[in-house]
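Notes to accompany the following structure.
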Amino acid sequence: MTMATTKHKVAGLVAALMVAVAPMASADPVAAPAGWVAQQAPGYYRFRLGDFKVTVLSDGTASRDLPTIMSKPAEVRKAFGASHQALPVELSINCYLVDTGAHRILVDTGAGELFGTAGGQLVANMRAAGYQPEDIDTILLTHIHGDHSGGLSIGGRRVFPNAVVHVDQRDSNYWLNPAAEARAPANRKTTFRQSHQTVDPYVDAGKLQAFDGATELLPGVRSLPLPGHTPGLSGYLVESRGERLLLWGDIVHAAEVQFRDPTVSVEYDVAPAEAIASRQKILRDAARQGYLIGSAHISFPGLGHVKAERVGYSWVPAPYSVTLK
12 MTMATTKHKV
22 AGLVAALMVA
32 VAPMASADPV
42 AAPAGWVAQQ
52 APGYYRFRLG
62 DFKVTVLSDG
72 TASRDLPTIM
82 SKPAEVRKAF
92 GASHQALPVE
102 LSINCYLVDT
112 GAHRILVDTG
122 AGELFGTAGG
132 QLVANMRAAG
142 YQPEDIDTIL
152 LTHIHGDHSG
162 GLSIGGRRVF
172 PNAVVHVDQR
182 DSNYWLNPAA
192 EARAPANRKT
202 TFRQSHQTVD
212 PYVDAGKLQA
222 FDGATELLPG
232 VRSLPLPGHT
242 PGLSGYLVES
252 RGERLLLWGD
262 IVHAAEVQFR
272 DPTVSVEYDV
282 APAEAIASRQ
292 KILRDAARQG
302 YLIGSAHISF
312 PGLGHVKAER
322 VGYSWVPAPY
332 SVTLK
(Lines of atoms letter the chains of each structure in order from A; the text may use other names.)
(Lines give C-alpha, C1' and ligand atoms only; values in the text may rest on other atoms or scores of the structure.)
Protein backbone atom coordinates (compact mmCIF):
# COMPACT_ATOMS: atom_id res chain seq x y z
CA MET A 12 0.00 0.00 0.00
CA THR A 13 1.47 3.38 -1.01
CA MET A 14 1.78 6.36 1.34
CA ALA A 15 -0.73 8.27 -0.81
CA THR A 16 -3.27 5.45 -0.50
CA THR A 17 -2.82 5.34 3.27
CA LYS A 18 -3.33 9.11 3.58
CA HIS A 19 -6.44 8.88 1.43
CA LYS A 20 -7.97 6.14 3.62
CA VAL A 21 -7.17 7.98 6.86
CA ALA A 22 -8.74 11.16 5.52
CA GLY A 23 -11.85 9.21 4.58
CA LEU A 24 -12.09 7.64 8.03
CA VAL A 25 -11.77 11.03 9.74
CA ALA A 26 -14.48 12.48 7.53
CA ALA A 27 -16.81 9.59 8.35
CA LEU A 28 -16.22 10.02 12.07
CA MET A 29 -16.95 13.74 11.84
CA VAL A 30 -20.27 13.01 10.13
CA ALA A 31 -21.16 10.45 12.81
CA VAL A 32 -20.23 12.75 15.69
CA ALA A 33 -21.94 15.85 14.29
CA PRO A 34 -25.46 14.94 15.48
CA MET A 35 -24.16 14.28 18.99
CA ALA A 36 -22.31 17.59 19.06
CA SER A 37 -25.48 19.45 18.15
CA ALA A 38 -27.62 17.58 20.70
CA ASP A 39 -28.96 19.30 23.80
CA PRO A 40 -26.08 19.19 26.32
CA VAL A 41 -28.54 18.94 29.23
CA ALA A 42 -30.77 16.29 27.70
CA ALA A 43 -32.07 13.80 30.26
CA PRO A 44 -29.91 10.68 30.61
CA ALA A 45 -31.33 7.32 29.68
CA GLY A 46 -33.47 5.95 32.48
CA TRP A 47 -34.52 9.34 33.87
CA VAL A 48 -38.09 9.32 35.20
CA ALA A 49 -39.68 12.62 36.23
CA GLN A 50 -40.89 11.40 39.63
CA GLN A 51 -39.44 10.44 42.99
CA ALA A 52 -38.98 6.93 44.31
CA PRO A 53 -41.77 5.55 46.52
CA GLY A 54 -42.00 7.70 49.63
CA TYR A 55 -41.70 5.50 52.70
CA TYR A 56 -39.16 5.20 55.49
CA ARG A 57 -39.05 2.49 58.16
CA PHE A 58 -37.64 2.26 61.64
CA ARG A 59 -38.22 0.32 64.85
CA LEU A 60 -39.52 1.78 68.07
CA GLY A 61 -38.98 -0.87 70.72
CA ASP A 62 -41.14 -3.79 69.60
CA PHE A 63 -43.16 -1.62 67.20
CA LYS A 64 -42.49 -1.17 63.50
CA VAL A 65 -43.03 2.36 62.21
CA THR A 66 -43.32 3.37 58.56
CA VAL A 67 -43.38 7.01 57.55
CA LEU A 68 -45.53 7.46 54.44
CA SER A 69 -45.43 10.48 52.15
CA ASP A 70 -48.70 11.73 50.74
CA GLY A 71 -46.90 14.35 48.64
CA THR A 72 -45.80 17.97 48.99
CA ALA A 73 -47.82 21.17 48.81
CA SER A 74 -46.39 24.50 47.64
CA ARG A 75 -47.10 27.36 50.05
CA ASP A 76 -45.94 30.99 50.10
CA LEU A 77 -45.63 31.00 53.86
CA PRO A 78 -45.06 34.73 54.47
CA THR A 79 -48.52 35.40 53.04
CA ILE A 80 -50.25 32.98 55.42
CA MET A 81 -48.19 33.40 58.60
CA SER A 82 -47.99 36.15 61.20
CA LYS A 83 -44.80 38.25 61.24
CA PRO A 84 -44.24 37.94 57.46
CA ALA A 85 -41.00 39.96 57.51
CA GLU A 86 -39.55 37.61 60.13
CA VAL A 87 -40.67 34.60 58.11
CA ARG A 88 -39.00 35.92 54.92
CA LYS A 89 -35.81 36.72 56.84
CA ALA A 90 -35.71 33.24 58.39
CA PHE A 91 -36.13 31.52 55.03
CA GLY A 92 -33.49 33.76 53.45
CA ALA A 93 -31.04 32.98 56.24
CA SER A 94 -31.71 29.27 55.67
CA HIS A 95 -31.17 29.65 51.90
CA GLN A 96 -34.68 28.34 51.32
CA ALA A 97 -36.60 29.58 48.29
CA LEU A 98 -40.21 30.70 48.56
CA PRO A 99 -42.79 29.40 48.01
CA VAL A 100 -41.71 26.28 49.88
CA GLU A 101 -42.76 22.67 49.40
CA LEU A 102 -44.33 21.46 52.63
CA SER A 103 -44.25 17.70 53.14
CA ILE A 104 -47.45 15.84 53.96
CA ASN A 105 -46.28 13.02 56.23
CA CYS A 106 -48.38 10.19 57.65
CA TYR A 107 -47.25 7.49 60.08
CA LEU A 108 -48.11 3.78 60.15
CA VAL A 109 -47.45 2.09 63.49
CA ASP A 110 -47.49 -1.71 63.43
CA THR A 111 -47.68 -2.95 67.02
CA GLY A 112 -48.15 -6.59 66.06
CA ALA A 113 -51.69 -6.53 67.44
CA HIS A 114 -52.78 -3.41 65.57
CA ARG A 115 -51.91 -1.54 62.41
CA ILE A 116 -52.44 2.11 63.18
CA LEU A 117 -52.39 4.93 60.66
CA VAL A 118 -51.85 8.43 62.02
CA ASP A 119 -53.38 10.87 59.52
CA THR A 120 -54.40 10.02 55.98
CA GLY A 121 -53.07 12.82 53.79
CA ALA A 122 -55.09 14.88 51.34
CA GLY A 123 -56.64 12.20 49.15
CA GLU A 124 -58.07 13.91 46.07
CA LEU A 125 -58.46 17.33 47.70
CA PHE A 126 -55.04 18.73 46.71
CA GLY A 127 -54.89 17.33 43.18
CA THR A 128 -51.47 15.96 42.23
CA ALA A 129 -49.83 17.67 45.23
CA GLY A 130 -51.21 14.94 47.50
CA GLY A 131 -52.97 11.62 47.30
CA GLN A 132 -49.85 9.42 47.20
CA LEU A 133 -50.41 7.74 50.56
CA VAL A 134 -52.05 4.53 49.36
CA ALA A 135 -49.49 3.94 46.59
CA ASN A 136 -46.63 4.44 49.03
CA MET A 137 -48.36 2.25 51.61
CA ARG A 138 -48.58 -0.56 49.08
CA ALA A 139 -44.96 -0.06 48.05
CA ALA A 140 -44.06 -0.46 51.74
CA GLY A 141 -45.91 -3.79 51.90
CA TYR A 142 -49.25 -2.79 53.45
CA GLN A 143 -52.74 -2.61 52.01
CA PRO A 144 -55.51 -0.17 53.01
CA GLU A 145 -57.51 -3.17 54.23
CA ASP A 146 -54.72 -3.94 56.73
CA ILE A 147 -55.37 -0.78 58.72
CA ASP A 148 -57.64 -1.36 61.74
CA THR A 149 -57.16 1.97 63.53
CA ILE A 150 -56.85 5.53 62.23
CA LEU A 151 -55.82 8.31 64.59
CA LEU A 152 -56.47 11.80 63.24
CA THR A 153 -54.34 14.55 64.73
CA HIS A 154 -57.16 16.80 63.56
CA ILE A 155 -59.74 17.28 60.85
CA HIS A 156 -58.18 19.29 58.01
CA GLY A 157 -57.99 18.43 54.33
CA ASP A 158 -54.33 17.39 54.38
CA HIS A 159 -54.84 15.11 57.39
CA SER A 160 -58.34 13.67 57.00
CA GLY A 161 -58.77 14.12 53.25
CA GLY A 162 -57.47 10.64 52.46
CA LEU A 163 -60.17 8.89 54.47
CA SER A 164 -62.62 8.69 51.58
CA ILE A 165 -62.46 8.96 47.80
CA GLY A 166 -65.64 9.56 45.86
CA GLY A 167 -67.73 8.95 48.96
CA ARG A 168 -66.21 5.51 49.62
CA ARG A 169 -64.08 4.59 52.61
CA VAL A 170 -60.47 4.01 51.56
CA PHE A 171 -59.80 2.02 54.76
CA PRO A 172 -62.85 -0.23 55.05
CA ASN A 173 -61.72 -2.10 58.17
CA ALA A 174 -60.57 0.90 60.18
CA VAL A 175 -62.17 2.72 63.08
CA VAL A 176 -61.33 6.43 63.03
CA HIS A 177 -60.48 8.17 66.31
CA VAL A 178 -60.42 11.95 66.78
CA ASP A 179 -60.81 14.32 69.72
CA GLN A 180 -64.46 15.15 70.27
CA ARG A 181 -63.70 18.88 70.16
CA ASP A 182 -62.69 18.51 66.54
CA SER A 183 -65.60 16.32 65.48
CA ASN A 184 -68.05 18.53 67.39
CA TYR A 185 -66.72 21.54 65.49
CA TRP A 186 -66.00 20.43 61.92
CA LEU A 187 -69.03 18.13 61.63
CA ASN A 188 -71.44 20.56 63.28
CA PRO A 189 -73.80 22.53 60.95
CA ALA A 190 -74.26 25.21 63.61
CA ALA A 191 -70.49 25.78 63.85
CA GLU A 192 -70.29 25.91 60.07
CA ALA A 193 -73.00 28.56 59.93
CA ARG A 194 -71.04 30.75 62.37
CA ALA A 195 -67.64 30.19 60.77
CA PRO A 196 -65.84 32.83 58.69
CA ALA A 197 -65.87 32.45 54.92
CA ASN A 198 -62.28 31.19 54.73
CA ARG A 199 -63.24 28.06 56.70
CA LYS A 200 -66.31 27.06 54.70
CA THR A 201 -64.29 24.84 52.35
CA THR A 202 -62.83 22.92 55.30
CA PHE A 203 -66.30 22.25 56.69
CA ARG A 204 -67.48 20.96 53.31
CA GLN A 205 -64.39 18.76 52.89
CA SER A 206 -64.79 17.44 56.44
CA HIS A 207 -68.25 16.12 55.67
CA GLN A 208 -67.09 14.78 52.31
CA THR A 209 -64.29 12.67 53.78
CA VAL A 210 -65.34 11.89 57.37
CA ASP A 211 -69.10 11.32 56.98
CA PRO A 212 -68.72 7.90 55.29
CA TYR A 213 -67.14 6.63 58.54
CA VAL A 214 -69.82 8.31 60.65
CA ASP A 215 -72.51 6.65 58.53
CA ALA A 216 -70.80 3.25 58.94
CA GLY A 217 -70.52 3.65 62.72
CA LYS A 218 -66.72 3.77 62.46
CA LEU A 219 -65.98 7.16 64.00
CA GLN A 220 -65.12 7.21 67.71
CA ALA A 221 -64.48 10.51 69.47
CA PHE A 222 -62.33 10.65 72.61
CA ASP A 223 -62.02 13.32 75.27
CA GLY A 224 -58.57 14.85 75.72
CA ALA A 225 -55.70 12.80 77.13
CA THR A 226 -56.69 9.17 76.60
CA GLU A 227 -54.96 5.80 76.35
CA LEU A 228 -56.38 4.64 73.02
CA LEU A 229 -54.42 1.40 72.62
CA PRO A 230 -51.61 -0.27 74.56
CA GLY A 231 -48.59 1.97 74.05
CA VAL A 232 -50.56 4.79 72.39
CA ARG A 233 -52.12 7.77 74.12
CA SER A 234 -53.41 11.13 72.99
CA LEU A 235 -52.14 14.53 74.13
CA PRO A 236 -54.43 17.55 73.72
CA LEU A 237 -52.74 20.38 71.76
CA PRO A 238 -55.65 22.71 70.98
CA GLY A 239 -55.52 25.93 69.02
CA HIS A 240 -54.74 25.08 65.43
CA THR A 241 -58.07 23.30 65.58
CA PRO A 242 -60.26 22.90 68.68
CA GLY A 243 -59.20 19.29 69.17
CA LEU A 244 -55.69 19.05 67.70
CA SER A 245 -54.08 16.00 69.31
CA GLY A 246 -50.60 14.64 69.48
CA TYR A 247 -50.07 10.90 69.88
CA LEU A 248 -47.35 9.57 72.16
CA VAL A 249 -46.29 6.10 71.05
CA GLU A 250 -44.13 4.09 73.44
CA SER A 251 -42.55 0.63 73.37
CA ARG A 252 -39.77 -0.69 75.61
CA GLY A 253 -38.99 2.80 76.85
CA GLU A 254 -38.62 4.31 73.39
CA ARG A 255 -41.01 7.18 72.68
CA LEU A 256 -42.28 8.79 69.50
CA LEU A 257 -44.46 11.91 69.56
CA LEU A 258 -46.59 12.52 66.48
CA TRP A 259 -47.68 16.13 66.88
CA GLY A 260 -49.62 17.00 63.74
CA ASP A 261 -49.61 20.71 62.90
CA ILE A 262 -47.65 22.08 65.84
CA VAL A 263 -45.01 23.32 63.36
CA HIS A 264 -45.57 24.32 59.74
CA ALA A 265 -42.26 26.13 59.16
CA ALA A 266 -39.24 24.73 60.96
CA GLU A 267 -37.12 27.62 59.66
CA VAL A 268 -38.93 30.11 61.90
CA GLN A 269 -41.32 28.47 64.42
CA PHE A 270 -38.68 26.68 66.48
CA ARG A 271 -36.76 29.88 67.11
CA ASP A 272 -39.97 31.89 67.54
CA PRO A 273 -42.96 29.74 68.57
CA THR A 274 -45.20 32.83 68.57
CA VAL A 275 -45.33 32.83 64.76
CA SER A 276 -48.73 31.47 63.81
CA VAL A 277 -50.48 30.40 60.61
CA GLU A 278 -53.77 31.75 59.29
CA TYR A 279 -55.34 28.28 59.46
CA ASP A 280 -55.27 28.41 63.27
CA VAL A 281 -58.80 28.51 64.66
CA ALA A 282 -57.53 30.04 67.92
CA PRO A 283 -54.04 31.52 67.31
CA ALA A 284 -53.26 32.43 70.93
CA GLU A 285 -54.19 28.93 72.09
CA ALA A 286 -52.14 27.40 69.26
CA ILE A 287 -49.10 29.42 70.33
CA ALA A 288 -49.51 28.28 73.94
CA SER A 289 -49.77 24.63 72.85
CA ARG A 290 -46.68 24.98 70.66
CA GLN A 291 -44.65 26.58 73.45
CA LYS A 292 -45.64 23.87 75.91
CA ILE A 293 -44.99 20.89 73.66
CA LEU A 294 -41.66 22.27 72.41
CA ARG A 295 -40.56 22.69 76.02
CA ASP A 296 -41.73 19.19 76.91
CA ALA A 297 -40.16 17.63 73.81
CA ALA A 298 -36.79 19.23 74.53
CA ARG A 299 -36.86 18.13 78.17
CA GLN A 300 -38.09 14.60 77.53
CA GLY A 301 -36.00 13.94 74.42
CA TYR A 302 -38.94 12.60 72.44
CA LEU A 303 -38.35 11.47 68.89
CA ILE A 304 -40.74 13.70 66.93
CA GLY A 305 -42.72 12.76 63.85
CA SER A 306 -43.86 15.97 62.20
CA ALA A 307 -46.60 16.31 59.61
CA HIS A 308 -45.02 19.08 57.55
CA ILE A 309 -41.25 19.10 58.15
CA SER A 310 -39.43 17.68 55.13
CA PHE A 311 -39.99 13.93 54.72
CA PRO A 312 -39.58 11.78 56.72
CA GLY A 313 -40.12 14.52 59.30
CA LEU A 314 -38.22 12.78 62.11
CA GLY A 315 -36.02 14.57 64.62
CA HIS A 316 -35.56 16.02 68.08
CA VAL A 317 -36.19 19.42 69.64
CA LYS A 318 -33.18 21.15 71.19
CA ALA A 319 -33.51 24.07 73.61
CA GLU A 320 -31.44 27.11 72.62
CA ARG A 321 -30.63 30.42 74.30
CA VAL A 322 -33.42 31.89 72.19
CA GLY A 323 -36.20 29.45 71.43
CA TYR A 324 -35.44 26.00 70.07
CA SER A 325 -33.85 24.26 67.10
CA TRP A 326 -34.71 21.16 65.08
CA VAL A 327 -32.19 18.30 64.96
CA PRO A 328 -33.10 15.88 62.14
CA ALA A 329 -32.79 12.20 62.98
CA PRO A 330 -29.95 10.50 61.10
CA TYR A 331 -31.01 8.58 58.01
CA SER A 332 -30.34 4.85 58.26
CA VAL A 333 -30.56 2.00 55.75
CA THR A 334 -30.52 -0.60 58.51
CA LEU A 335 -33.36 -1.75 60.75
CA LYS A 336 -32.20 -2.71 64.22
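Heads up: the sequence shown begins at 12 in my numbering, then just goes up one per residue.
For every residue, glycine included, the Cβ atom is placed at its ideal position computed from N, Cα and C.
Sequence-distant Cβ neighbours of P53 in its own chain, meaning closer than 6 Å and more than five residues away, are N136 and A139. Here the segment 257-266 makes contact with the segment 287-302; the two share three or more CB pairs at distances below 8 Å.
K218 sits in coil when the DSSP states are folded into three classes, being neither helix nor strand.
With a cut-off of 8 Å on Cβ pairs, the segment 278-290 is in contact with the segment 78-92, counting three or more such pairs. Checking the DSSP bridge columns, you'll see I80 has no partner listed. Looking at T120, H156 and F126, the one whose alpha-carbon comes closest to that of V134 is T120. Ranking I293, V232, K200 and G46 by CA distance to the CA of Y247 puts V232 first. Contact between the segment 165-183 and the segment 149-156 is present: three or more C-beta pairs spanning the two stretches fall below 8 Å. The continuous beta strand (DSSP E) containing W326 extends over residues Y324 to P328. Beta-bridge annotation (DSSP): L294 is not paired with any residue. Looking at I165, V210 and L229, the one whose alpha-carbon comes closest to that of Y185 is V210. A residue is called buried when at least 16 other Cβ atoms come within 10 angstroms of its Cβ; D223 does not meet this threshold and is exposed. In the structure shown, the three-state DSSP call for F203 is helix.
Burial check for Q269: the Cβ neighbour count within 10 Å reaches 16 or more, so the residue is buried. Fully contained in the segment 135-212 are the following alpha helix (DSSP H) runs of length 4 or more, in chain order: 157-160, 180-186 and 189-194. Going by DSSP, E267 is part of the alpha helix (DSSP H) stretching over A266 to Q269.
Ranked by Cα distance from Y302, the first of H308, F311, K318 and H154 is K318. Per DSSP, V249 is one residue of the beta strand (DSSP E) stretching across S245 to S251. DSSP places R299 within a helical segment (H, G or I) once states are collapsed to three. Taking Y324 as reference, the option from A197, A307, G313 and R290 with the minimal CA-CA separation is R290. DSSP places G92 in the helix class (H, G or I) of the three-state scheme. Collapsing the DSSP output to three states places G260 in a helix. In its chain, beyond the 5 residues on either side, no residue has a beta carbon closer than 8 Å to the beta carbon of Q50.
Membership of I104 in the beta strand (DSSP E) is indicated by the continuous run V100 to D110. In the DSSP assignment, V65 is bridged to F58 and V109. Assignment of A52 by DSSP, reduced to helix, strand and coil, places it in the coil class. Around the beta carbon of P312, a 10 Å sphere encloses 16 or more other beta carbons of the protein chains shown; the residue is thus reported as buried.
In this structure, DSSP gives E227 an extended state, which the three-state scheme calls strand.
Under the Cβ criterion (8 Å, minimum of three pairs), the segment 226-241 does not count as touching the segment 161-170. Contact check for L219 against G161 fails: the beta carbons are separated by 7 Å or more. Relative to the Cα of A266, the nearest Cα in the group V67, V327 and G130 belongs to V327. CA-CA distance, E227 to L235, rounds to 9 Å. Assignment of E254 by DSSP, reduced to helix, strand and coil, places it in the strand class. Listed as beta-bridge partners of K318 by DSSP are S325. In this structure, the CA atom of Q132 is about 33 Å from the CA atom of E86.
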